[in-house]
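Undergrad: This is the structure, below, for whatever I ask next.
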Amino acid sequence: MAKVLMKGNEALAEAAMRCGCRFFFGYPITPQTELAAYMAKKMQKNGGTFLQAESEVAAINMVYGAAGAGARVMTSSSSPGISLKQEGISYIAGADLPCLVVNIVRGGPGLGGIQPAQSDYFQATKGGGHGDYHLLVFAPSSVQELADMTSRAFDKADEYRMPAMIMGDGMLGQMMEPVEFKDPIDPATLPEKPWATTGTGMKRKKNIINSLYLTPEELENLCIEREKRYDKIRETEALYEEIQTEDADVIIAAYGTIARVAMSAVEAARAKGIKAGLIRPITLWPFPEKVFAKRAETAKCFLSVEMSMGQMVEDVRLSVNGKKPVYFYGRTGGMVPEQDAIVAEIEKCLKNS
Amino acid sequence: MYEQIVIAGFGGQGVLFAGKILAYMGMDTGKELSWLPSYGPEMRGGTCNCSVIIADTQIGSPVIQRPDALIVMNKPSLEKFVDAVKPGGVIVLDSSLIDTKVERDDVTVVYIPAMQIAESAGAGTLGNMVMAGAYMKAREDMYNIEDLYRSVREHTPAKRAGLAEKNIELLKAGYEYKQC
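Protein chains in written order, with the working numbering: chain F, 170 to 522; chain L, 387 to 566.
And the structure:
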């Protein structure tokens, strides 16, 4: 189909319905409200259910229920709302259920502000709720990638039976770019979920959806089994983009929309004769460790650029593993790093290393 | 081509819409483009702006630090953005709403009483279209005005076709305006 001009929030909603999502439970919050509004307008026409719940906590527990019944289901919110959903997300992970949670991040902590931020990185990648669990975390940087990652997130969530998260920021949610969608699929054609609680029809044993295990051995075994799945994901599912890293002296690490500002900064630095490059993680969990380890052999230093006080920089340091210095530059609270400031930081890093 | 345009004014003046039709033209002519609005708790009456980039190559930052072009419809926005415009850039300014002159000699400034022109055409809310037309004239080496008319027609729902024609009429008024 031809390209259409759409806001990130709306493109995500459209992509979700096209890949078979028929259940959306949410609660409004800036800057993701257009996503829910689009669902409200279109979901019923697509034969699905849109429900504005009484709270974020209610919404995520509706997701838990629908996921248990095998539905392709999602919710979306922004930072404070995602904090409220954490208990439910932990239960969903503990019950090994697939779903999609969208976080269009705004400044924090607390109610924070409504301008774009990336300060929920720790929450998304290090377990925002309790227990040994992970989410698949996707961090697209354009409206097209947002649409593409939506169907991938649903598919991978199903494949590994775990919740996936798409992490955008206010800017990505609000901006319009041309986007081309895949043809819609019929949810009935999705792979079967034999574990779902859809009624036994007197033909099979009961399926039970649960996250309570009072026998420690049983719970430990489940966590070990789950960790094996996580290991496989760490090995195979990391996504990233590399720009001009091969000969780079300084390599920026940046994700989401800030990676695009960083890309412009790399070009500006190159124009000044500085060998700069960019690694853009597309999955934040699993983190693309290997490419950082590989580039640590040739680069002189790394610079993590974020809209936070420094969160992803920890994963960059772990991946570089002391081989080269890793610096940080960030703005937070809704402020966006400017291209010139990033170029100045690049120059500073090179001087220091 | 890598044209970075900031359109700024008060909420309600159609700043975002003016950006949107330029974005549609970019898309319809096969360019890369991005459209980024300012968003906040302030809406009607507050200042509002949007950043549009139309380019031949992949677009990096959707945030514009130094615009090539500024289309400006109120004084606070002029003060905010005037120094950011690149040397050699263009400023299109609604002289019926802004009574000051631009004190820079390294940019091209188009003074156009857009609001007045729109009002005398019986469409006081379409000053934004006059401004967009004047911008197209200032950049006639870059675009074809017919592409913009086509995009406006194409992306207006059929039942509101009259509105598209009115928009085009005002775009044309801006495009054909002769600065004295």
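Backbone N, C-alpha and C fix where the C-beta goes; we use that ideal spot for every residue, glycine too.
Less than 8 Å between the C-beta atoms of L/I477 and L/V495, yes or no?
TA: Their beta carbons are under 8 Å apart, which means L/I477 touches L/V495 by this criterion.
Undergrad: For L/Q565, go through chain F and note every residue whose CB falls closer than 8 Å to its CB, in chain order.
TA: The premise fails here: L/Q565 is roughly 32 Å from chain F at the closest Cβ pair, so nothing lies under 8 Å.
Undergrad: Please tell me whether L/G426 has its Cβ less than 8 Å away from any Cβ of chain F.
TA: Taking Cβ atoms only, chain F reaches closer than 8 Å to L/G426, which makes this a yes.
Undergrad: Which bits of chain F does L/M413 rub up against, with CB to CB less than 7 Å?
TA: Within 7 Å Cβ-Cβ: K172, L174 and P347.
Undergrad: Per DSSP, which residues does F/M334 bridge with? Please list them.
TA: Answer by DSSP bridge pairing, in chain order: F/V270 and F/V306.
Undergrad: Using three-state DSSP, classify F/L408 as helix, strand or coil.
TA: Coil at F/L408, not helix or strand.
Undergrad: Please return the same chain residues whose Cβ sits closer than 7 Å to the Cβ of F/E346, not counting the five positions on each side in sequence.
TA: Contacts found: S311, V312 and Q313.
Undergrad: Our contact map puts F/D418 next to F/A465 with C-beta atoms below 8 Å; I'd like the distance itself, whole angstroms only.
TA: The Cβ separation is near 12 Å, so there is no contact.
Undergrad: Is the Cβ of F/R200 closer than 8 Å to any Cβ of chain L?
TA: The amino acid occupying residue 200 of chain F in the given sequence is Pro; Arg does not appear at that position. Answer yes: the Cβ-Cβ gap between F/P200 and chain L drops below 8 Å somewhere.
Undergrad: Give me the Cβ distance between L/Y521 and L/I457, rounded to the nearest whole Å; I'm assuming they're in contact under 8 Å.
TA: That belief holds up - the Cβ atoms of L/Y521 and L/I457 are roughly 5 Å apart, short of 8 Å.
Undergrad: Can at least three beta-carbon pairs, one atom from the region 477-495 of chain F and one from the region 397-406 of chain F, be found at a separation below 8 Å?
TA: Verdict: no, contact absent.
Undergrad: Taking 8 Å as the CB-CB cut-off, is L/Y449 touching chain F?
TA: For the record, residue 449 of chain L in the displayed sequence is Val; it is not Tyr. True, the Cβ-Cβ gap to chain F drops below 8 Å.
Undergrad: Should F/I420 go down as buried or exposed, given a rule of 16 or more other Cβ atoms within 10 Å for buried?
TA: It is buried - the Cβ of F/I420 has at least 16 other Cβ atoms within 10 Å.
Undergrad: Which residues bound the beta strand (DSSP E) around L/M459?
TA: Looking at the DSSP string, L/M459 is not in any beta strand (DSSP E), and its letter there is neither H nor E.
Undergrad: According to DSSP, is F/R395 helix, strand or coil?
TA: Of the three classes helix, strand and coil, the one that applies to F/R395 here is helix, per DSSP.
Undergrad: May I have the straight-line CA-CA distance separating F/R486 from F/E411, to the nearest angstrom?
TA: Roughly 18 Å separates the two Cα atoms.
Undergrad: Measure the beta-carbon distance from L/C434 to L/G395 and round it to whole angstroms, keeping in mind my assumption that it falls under 8 Å.
TA: The Cβ separation is near 7 Å, so the contact holds.
Undergrad: Determine the contact status of F/Q287 and F/E475, defining contact as a CB-CB distance below 8 Å.
TA: Going by C-beta atoms, F/Q287 is nearer than 8 Å to F/E475.
Undergrad: Between F/P117 and F/M331, is the Cβ-Cβ spacing less than 8 Å?
TA: Residue 117 of chain F is absent from the structure shown; chain F starts at 170 and stops at 522.
Undergrad: Would you mind telling me which residues of chain L sit closer than 8 Å to F/V430, beta carbon to beta carbon, in chain order?
TA: Within chain L, the residues near F/V430 are G446, S447 and V449.
Undergrad: With DSSP as the reference, identify every bridge partner of F/Q221, one or two as the case may be.
TA: Looking at the DSSP assignment, F/Q221 forms a beta bridge with F/G195.
Undergrad: In terms of alpha-carbon separation, which member of F/I378, F/I443, F/D352 and F/D355 lies closest to F/P363?
TA: Of the candidates F/I378, F/I443, F/D352 and F/D355, the one whose C-alpha sits nearest the C-alpha of F/P363 is F/I378.
Undergrad: Within a Cβ cutoff of 6 Å, which residues of the same chain sit near F/P586, ignoring the five residues on either side of it in sequence?
TA: There is simply no residue 586 of chain F to check, as chain F begins at 170 and stops at 522 in what is shown.
Undergrad: Pop quiz: L/P453 and L/I391 are said to be a contact at Cβ under 8 Å. What is the actual Cβ separation, rounded to whole angstroms?
TA: So it is a contact: roughly 6 Å between Cβ atoms.
Undergrad: For the candidate residues F/D317, F/Y302, F/V430 and F/A185, whose alpha-carbon lies nearest to that of F/K211?
TA: Nearest option by C-alpha distance: F/A185.
Undergrad: For a cutoff of 8 Å on Cβ pairs, would you count F/V271 as touching chain L?
TA: No, F/V271 lies away from the interface with chain L (no Cβ there is under 8 Å from its Cβ).
Undergrad: Work out the CA separation of F/C392 and F/D265 for me, nearest whole Å.
TA: C-alpha separation (whole angstroms): 11 Å.
Undergrad: Please decide whether L/Y410 counts as near chain F, where near means a Cβ-Cβ distance under 8 Å.
TA: It does: the Cβ of L/Y410 has a partner Cβ on chain F nearer than 8 Å.
Undergrad: Does L/S463 come within less than 8 Å of chain F when only Cβ atoms are used?
TA: No, its Cβ sits nowhere closer than 8 Å to a Cβ of chain F.
Undergrad: What are the residues that DSSP puts in a beta bridge with L/D480?
TA: Beta-bridge pairing links L/D480 to L/I498.
Undergrad: Identify the continuous beta strand (DSSP E) that holds F/P450 and give its terminal residues.
TA: Segment A445 to P450, the beta strand (DSSP E) holding F/P450.
Undergrad: Using 8 Å for Cβ pairs, my map puts F/I273 next to F/S247. What's the rounded Cβ distance?
TA: Their Cβ separation, rounded to whole angstroms, is 5 Å, which keeps F/I273 and F/S247 in contact under 8 Å.
Undergrad: Smallest Cα separation from L/G398: which of L/M517, L/T511, L/E418 and L/C436?
TA: Taking only the C-alpha atoms, the option nearest L/G398 is L/T511.
Undergrad: Using the Cβ count rule (16 or more neighbours within 10 Å means buried), how would you classify F/D355?
TA: Classification for F/D355: exposed.
Undergrad: Quickly, what does DSSP pair F/E475 with across the bridge? List them, please.
TA: Beta-bridge pairing links F/E475 to F/G499.
Undergrad: In the structure shown, what three-state DSSP assignment does F/A326 receive?
TA: In the structure shown, F/A326 sits in a helix (DSSP, three-state: H, G or I).
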